[in-house]
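Residue numbers (this note's numbering): 1 to 229. Every residue gets a Cβ at the ideal spot worked out from N, C-alpha and C, and that includes glycine. Structure, as structure tokens:
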Amino acid sequence: MYASALVACTAAWLWLAGESAATPHVHAPDWRSYASAVAMWQAMVVAMMTPTVLPWVSTFARLTARSGDGEPTTLAAAAFPAGYFTIWLAYSAAAAAGQMALHQLGLLADDRVLTPLAGVVLILAGVSQFLPLKRACLAHCRNPLTYFLARWRNGPIGGFRLGVTHGAYCLGCCWLVMLSGLGVGLMNLAWMAALTVVLCLEQAAPGGERIGQVAGIAMAAWGVALILT
């Protein structure tokens with residue numbers, strides 16, 4: 001499991017690194033450009049969110065192995081991440097549509113929105129770190145065993161539903177932070193790596209919520225600086 005996750009995460013980072021040399025990433029408003037944009041967003045999700053979801057997948061796999069429900073263990077264990085990334089695929093589809101719309105409106109250049117709007121995006125991402133929705137979703141994300149014990153369902157279908165529900169919480173926690181790439185640069189690998197570290201620390205480190213809030217203050221301050229310059 002850990003080897004598979006490492007392979008998927010590494011492949012996503014390598015693909016993004018290769019794509020970062022190709023600009024712009026949205027051309028004519030056709031299905032090929034849209035599909036390419038969806039693939040880019042989903043690769044970003046896999047690269048950045050795999051480290052945070054891996055403890056959940058590991059816990060789910062252990063519980064599945066002990067449940068003795070008669071289902072193939074591999075299939076049942078794979079159902080949870082499948083549900084999780086299905087939610088993020090829907091997000092990727094929506095984000096790609098927004099990206100194409102911004103491009104057509106002339107508000108997107110070099111994979112980032114124009115400076116005043118970039119500042120607004122970063123401010124919103126920073127403020128989101130202090131919202132009640134963020135706190136509620138983060139509290140969920142820090143307690144996988146509690147969630148599984150309260151909502152456990154056997155079998156692949158049950159695992160898929162658990163993954164979908166957890167994906168919805170994760171989306172509520174991180175969707176605006178992920179959109180901050182529009183303000184910094186969608187293919188800015190350094191920014192993606194920094195956010196990945198923040199997201200991991202938020203979920204796993206003692207005082208993780210405060211770490212996320214410090215990052216939120218930094219993003220909001222950067223956004224204000226962009227607007228004022």
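Between the C-alpha atoms of Leu-54 and Ala-5 there is a straight-line separation of about 7 Å. Residue state for Ala-194 is assigned as helix, using DSSP reduced to three classes. Only buried fits Leu-182, as 16 or more other CB atoms lie within 10 angstroms of its CB.
Less than 7 Å divides the Cβ of Ala-96 from the Cβ of Tyr-34. When the beta-carbon positions are compared, Cys-200 and Gly-172 stay at least 7 Å from each other. For the pair Ala-225 and Ile-123, the CB atoms are not nearer than the 7 Å cut-off. The three-state secondary structure of Arg-153, taken from DSSP, is coil.
In the DSSP assignment, the residues bridged to Leu-108 are Val-113. For Ala-8, same chain residues with a beta-carbon under 8 Å away, outside a window of 5 residues either side, are Val-46, Thr-50 in chain order.
Per DSSP, Ala-221 is one residue of the alpha helix (DSSP H) stretching across 208-228. Note that the C-beta distance between Ala-37 and Trp-15 is not below 7 Å.
A contact is defined here as three or more CB-CB pairs under 8 Å, and the segment 109-118 meets this definition with respect to the segment 178-195. Going by beta carbons, Gln-213 and Gln-129 fall inside the 7 Å limit.
By the beta-carbon neighbour count (other beta carbons within 10 angstroms, threshold 16), Gly-159 is buried.
Considering only Thr-10, Val-197, Thr-165, the residue with the shortest C-alpha distance to Met-178 is Val-197. A Cβ-Cβ contact shorter than 7 Å links Leu-162 with Phe-80. Secondary structure of Ser-33 (DSSP, three-state): helix. Per DSSP, Leu-186 is not a residue of any alpha helix (DSSP H), being assigned neither H nor E. Just so you know, the alpha carbons of Ala-82 and Ile-157 end up roughly 10 Å apart.
Counting along the chain, Leu-133 sits inside the alpha helix (DSSP H) bounded by residues 132-141.
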